[in-house]
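Trainee: Residue numbers (our numbering): 914 to 1061.
Ideal Cβ positions, reconstructed from N, Cα and C, are used throughout, including at glycine.
1. I need the boundaries of the beta strand (DSSP E) containing residue 964, first residue and last residue.
2. Alpha carbons only, please: which of 1002, 946, 960, 1035 is nearest the one belonging to residue 1013?
3. For residue 917, tell me which candidate among 939, 946, 971 has the shortest Cα-Cα distance.
4. Check whether the region 993 to 1001 touches the region 926 to 934, taking contact to mean three or more Cβ pairs, one atom from each stretch, closer than 8 Å.
5. Would you tell me roughly how many angstroms separate the C-alpha atoms of residue 959 and residue 1049, rounded to the nearest one?
6. Please name the residue, chosen from 1028, 1015, 944, 1034, that lies closest to residue 957 on a Cα-to-Cα basis.
7. Can you name, in chain order, every residue of its own chain whose Cβ lies under 6 Å from the Cβ of residue 969, other than the five neighbours on each side?
8. Quickly, what does DSSP pair residue 972 with across the bridge? List them, please.
9. What residues in its chain sit with their C-beta under 6 Å from that of residue 985, if we drop five residues either side in the sequence?
10. Can you list the beta strand (DSSP E) stretches of 3 or more residues lying completely in the region 941 to 1028, in chain order?
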């Protein structure tokens, strides 16, 4: 559900918002403002988290580090629990344990979002592997066909 809210922007801020929205296919100034406000609130609630653009859209990440879905995936696959999982992940990803904890705090609040990103990554990996598999035998099959 959504509700209208009238906001007055100063001229410079409005110009920047309009320009940025024009540069994003399908974006509207209203939708972009809502996205940026949501991200700003999330940044305030979860210090140490940033948002960055990528092939699947905007996603939560660690500054100059991995996406949060990657951190959570590593923790889940580590086989460790609690502090041992945090320390193992921090060591493997060359991160301070405080940054891993920040990722987990965000995950606790936005679990569905991160799990959806994890599922999308698994599907993208499956598609890429299938494409690779279909190409890896191509030269051998081509050579066989050429000599027939």
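Mentor: Let's see:
1. Counting from 1 along the chain shown, the entry for residue 964 is found at position 51. Segment 963 to 965, the beta strand (DSSP E) holding residue 964.
2. Position 100 of the chain shown, counting from 1, holds the residue named residue 1013. Considering only alpha carbons, the answer is 1002.
3. If you number the chain shown from 1, residue 917 lands on position 4. Of the listed residues, the one whose Cα sits closest to residue 917 is 946.
4. no
5. Counting from one through the chain shown, the residue named residue 959 turns up at place 46. Counting from one through the chain shown, the residue named residue 1049 turns up at place 136. Whole-angstrom Cα-Cα distance: 44 Å.
6. Within the chain shown, residue 957 is the residue found at index 44, counting from 1. The option with the nearest alpha carbon to residue 957 is 1015.
7. Translated into positions along the chain shown, residue 969 becomes position 56. Closer than 6 Å at Cβ, skipping near neighbours: 1033.
8. Residue 972 sits at position 59 when you count from the first residue of the chain shown. 965.
9. Position 72 of the chain shown holds residue 985. Cβ neighbours of residue 985 beyond the five flanking positions: 1020, 1027.
10. 963 to 965, 972 to 974
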